[in-house]
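Trainee:
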Amino acid sequence: MEKRPLGRTGLQVGIIGFGAIKLPGISEQEASDCLNLALDQGINYIDTARNYRDSEEKIGKAVAHRRDEYAIATKSSARDGDAMTEQLNTSLRNLRTDRIDVFQLHTVSTRDIWEQVRAPGGAYEAALRAREQGKVLHIGVTIHRELQVMAEAIESGLFETIMLCYNALDSENVGTEILPMARAAGMGTIIMKPLSGGQLCRPLEQRTPGLGGPDAIIAGALRFVLQNPNVDCAIPGMQSVREVEENVALGESFAPLSAEEHEELIRLIGEFAGEYRYGQRCLRCGYCQPCPQGVQVPEVLRAGDMLRGYAEELKHLALDAWKAITVGPEACVKCEQCLDKCPAGINIPEQLKSVQELFKGYREV
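Residue numbers (my numbering): 6 to 370.
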């Protein structure tokens with residue numbers, strides 16, 4: 006499998022890492038089978054987190070005896086230093102190791118959290134102490150959505166790695182702005198949700214081979230992520246031997262998508278969107294752009310998805326995304342030029358109006 010430098014950490018990691026978020030859903034024996042097979046076949050980066058239930062424990066039991074064969078990354082959602090230190094020590098015990106290769110401050114996705122972890126006595130200060138003690142080798146950060154916080158974390162110079170959401174459904178801004186910024190800063194880049202948290206995984210009985218893999222959408226989506234020169238490693242979640250084998254095969258045979266293959270991927274996602282899973286969800290492919298009136302269709306529909314799908318305490322992120330739009334639904338004149346361009350078959354004028362009403366109603370609450 007191709008290996009890439011993880012930024013300035015000095016680690017060389019396979020382009021496919023093992024996302025261990027799904028391990029709580031399988032038995033210890035199944036987890037051991039998956040993890041040991043992954044190491045046997047060349048995966049050398051395992052990502053977990055303190056709040057992934059028993060994921061750390063299963064990793065420790067399964068592969069601690071092969072500790073020198075992989076880099077382990079875990080995360081803490083603690084915001085103050087004492088709590089973070091306690092979680093780190095728990096992770097070390099669970100993973101049966103004396104050091105964490107990449108220790109990440111988890112879900113630093115709002116400005117308030119960003120300020121908390123950097124404050125005196127905060128999580129970052131404790132992470133620095135842990136690094137001085139040799140318990141942590143490299144310090145990273147994970148940020149799910151807030152672009153401004155991503156930019157500030159990169160510019161701060163505090164972190165050696167950054168983990169971000171980036172996939173074929175949600176690639177604007179992160180792909181064109183944030184990842185190049187991280188690369189320029191020498192940071193390692195780890196991609197979570199390369200299959201959009203499973204939204205790009207068709208039911209087994211509906212899968213068809215193509216684009217270099219047993220399922221064309223999964224293969225194309227992973228290739229889409231890995232072809233970005235500013236990506237070091239993608240960590241799809243795995244919980245079966247089949248998934249490990251398929252992901253390793255894709256890592257070993259990786260090649261960038263051709264223009265024709267990219268068109269095919271977008272077409273397949275569009276068919277899947279309409280037939281199986283997420284119906285009128287925008288794929289953010291940008292095919293509807295430019296709008297003659299300048300309406301930022303992908304940004305508008307994304308903001309609507311965020312407001313509908315986010316937990317109440319995170320809905321302010323949707324409002325931030327809405328406020329950042331410079332040309333919104335009010336500029337739509339229903340010329341319908343966008344309708345034939347949309348691979349997901351979305352009635353864009355109707356959806357623009359729906360999102361406009363959604364935010365209007367939310368503000369009235």
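The C-beta atom is built at its ideal place from N, Cα and C for all residues, glycine as well.
Bridge partners for TYR50 per DSSP, in chain order?
Mentor: BP columns for TYR50 point to ALA76.
Trainee: I need the DSSP call for SER82, collapsed to helix, strand or coil.
Mentor: In this structure, SER82 counts as coil in the three-state DSSP scheme.
Trainee: For the structure I just gave you, are there three or more beta carbon pairs, one from the segment 140–156 and one from the segment 102–112, closer than 8 Å?
Mentor: With the cut-off at 8 Å, the segment 140–156 and the segment 102–112 touch.
Trainee: Does ASP59 come out as helix, strand or coil in the three-state DSSP assignment?
Mentor: Looking at ASP59 - three-state DSSP - the assignment turns out to be coil, as it is neither helix nor strand.
Trainee: With ARG9 as the anchor, note down where its alpha helix (DSSP H) starts and where it stops.
Mentor: No alpha helix (DSSP H) holds ARG9; the beta strand (DSSP E) holding it covers 8–10.
Trainee: What's the C-alpha gap between MET168 and VAL300?
Mentor: Those two C-alpha atoms are separated by around 30 Å.
Trainee: With distance defined between alpha-carbon atoms, name the residue in THR147, SER359, LEU306 and GLN232 nearest to ARG3.
Mentor: Any question about residue 3 goes unanswered here, given that the chain covers just 6 to 370.
Trainee: Distance, Cα to Cα, LEU16 vs LEU363?
Mentor: Approximately 46 Å between the Cα atoms of the pair.
Trainee: With 16 as the cutoff for other CB atoms within 10 Å, does ALA189 come out buried or exposed?
Mentor: With fewer than 16 Cβ atoms within 10 Å of its Cβ, ALA189 is classed as exposed.
Trainee: Under 6 Å Cβ to Cβ from VAL249, same chain only, skipping five residues before and after it: list those, please.
Mentor: Taken in chain order, the residues that qualify are CYS39, LEU42, ALA43 and MET243.
Trainee: By Cβ distance, which residues of its chain are closer than 7 Å to PRO354, with the 5 residues on each side in sequence left out?
Mentor: CYS337, LYS339 and GLU341, listed in sequence order.
Trainee: Is it the case that the segment 88–106 contacts the segment 17–34, given that we only count it when at least three CB pairs across the two stretches are under 8 Å?
Mentor: No, because fewer than three Cβ pairs between the segment 17–34 and the segment 88–106 fall closer than 8 Å, the two stretches do not touch.
Trainee: To the nearest angstrom, how far is the alpha carbon of TYR57 from that of PRO29?
Mentor: Using only the alpha carbons, I get a separation of about 7 Å.
Trainee: So is THR181 buried or exposed if we call it buried at 16+ other beta carbons inside 10 Å?
Mentor: THR181 comes out exposed.
Trainee: Suppose contacts are defined by Cβ-Cβ distances below 9 Å. Is ARG228 in contact with PHE259 by that definition?
Mentor: A contact, by the Cβ cut-off of 9 Å.
Trainee: Following the continuous beta strand (DSSP E) through CYS170, name the residue where it begins and the one where it ends.
Mentor: Segment 166–170, the beta strand (DSSP E) holding CYS170.
Trainee: Excluding sequence positions up to five away, which residues of its chain have a Cβ less than 8 Å from the Cβ of PRO219?
Mentor: So the qualifying residues of the chain are ARG212 and GLU251.
Trainee: Let's test the definition: count the other Cβ atoms within 10 Å of the Cβ of PHE23 and tell me whether it reaches 16, buried, or not, exposed.
Mentor: Buried.
Trainee: Looking at the structure shown, is MET192 part of a helix, part of a strand, or coil, going by DSSP?
Mentor: Correct three-state label for MET192: coil.
Trainee: For CYS170, tell me which candidate among PRO241, GLY127, ILE223 and ILE222 has the shortest Cα-Cα distance.
Mentor: When each option's Cα is compared against that of CYS170, the closest is PRO241.
Trainee: Which term fits ALA329, buried or exposed, when burial requires 16 or more other beta carbons within 10 angstroms of its beta carbon?
Mentor: With fewer than 16 Cβ atoms within 10 Å of its Cβ, ALA329 is classed as exposed.
Trainee: State the Cα-Cα distance for the pair ALA78 and SER263, rounded to the nearest angstrom.
Mentor: The alpha-carbon atoms of ALA78 and SER263 are separated by roughly 33 Å.
Trainee: If ASP237 and GLY191 are in contact, beta carbons under 8 Å, what's the gap, nearest whole angstrom?
Mentor: Between GLY191 and ASP237 the Cβ distance is about 11 Å, and since that is not below 8 Å, they are no contact.
Trainee: When DSSP labels each residue in this structure, what does GLY284 get in the three-state scheme?
Mentor: For GLY284, the predicted model reports a pLDDT of 48, less than 50, meaning its position is unreliable and no value from the coordinates is stated.
Trainee: Applying the 10 Å Cβ sphere with the 16-neighbour rule, what's the burial state of ASP73?
Mentor: With fewer than 16 other Cβ atoms within 10 Å, it is exposed.
Trainee: Apart from the five residues just before and just after GLY183, which ones in its own chain have a Cβ nearer than 6 Å to its Cβ?
Mentor: Contrary to the premise, residue 183 reads as Ile rather than Gly in this sequence. Here the set comprises MET155.
Trainee: For GLU120, which residues of its own chain have a beta-carbon under 6 Å away from its beta-carbon, when the five flanking residues on both sides are left out?
Mentor: Same-chain partners within the cutoff: there are none.
Trainee: In whole angstroms, what is the alpha-carbon distance linking ARG134 and LEU273?
Mentor: In a straight line, the C-alpha of ARG134 is about 49 Å away from that of LEU273.
Trainee: Grab me the residues of PRO297's own chain with a C-beta within less than 7 Å of its C-beta, minus the 5 sequence neighbours each way, in chain order.
Mentor: Excluding positions up to five away in sequence, the list reads CYS340 and GLN342.
Trainee: Suppose you measure from the CA of LEU344 to the CA of ASN352; what does that come to, to the nearest Å?
Mentor: If you take the alpha carbons of LEU344 and ASN352, they lie about 6 Å apart.
Trainee: With distances taken Cα to Cα, identify the nearest neighbour of THR115 among LEU152, ASN172, GLY12 and GLY309.
Mentor: Comparing Cα positions, the closest option is LEU152.
Trainee: Closest to VAL246 by C-alpha separation, out of GLY65, LYS27 and TYR129, would be which residue?
Mentor: It is LYS27 whose Cα lies nearest to the Cα of VAL246.
Trainee: Closest to LEU216 by CA distance: which of GLU269, MET186 and LEU200 is it?
Mentor: For LEU216, the nearest C-alpha among the options comes from GLU269.
Trainee: Determine the extent of the alpha helix (DSSP H) in which GLY256 is found, giving its start and end residues.
Mentor: Where GLY256 is concerned, the enclosing alpha helix (DSSP H) stretches over 246–257.
Trainee: When the Cα atoms are used, what is the spatial distance from GLU304 to ARG13?
Mentor: Their Cα atoms are separated by approximately 33 Å.
Trainee: Looking at ALA239: is its Cβ nearer than 9 Å to the Cβ of PRO185?
Mentor: No, Cβ-Cβ distance for ALA239 and PRO185 is not below 9 Å.
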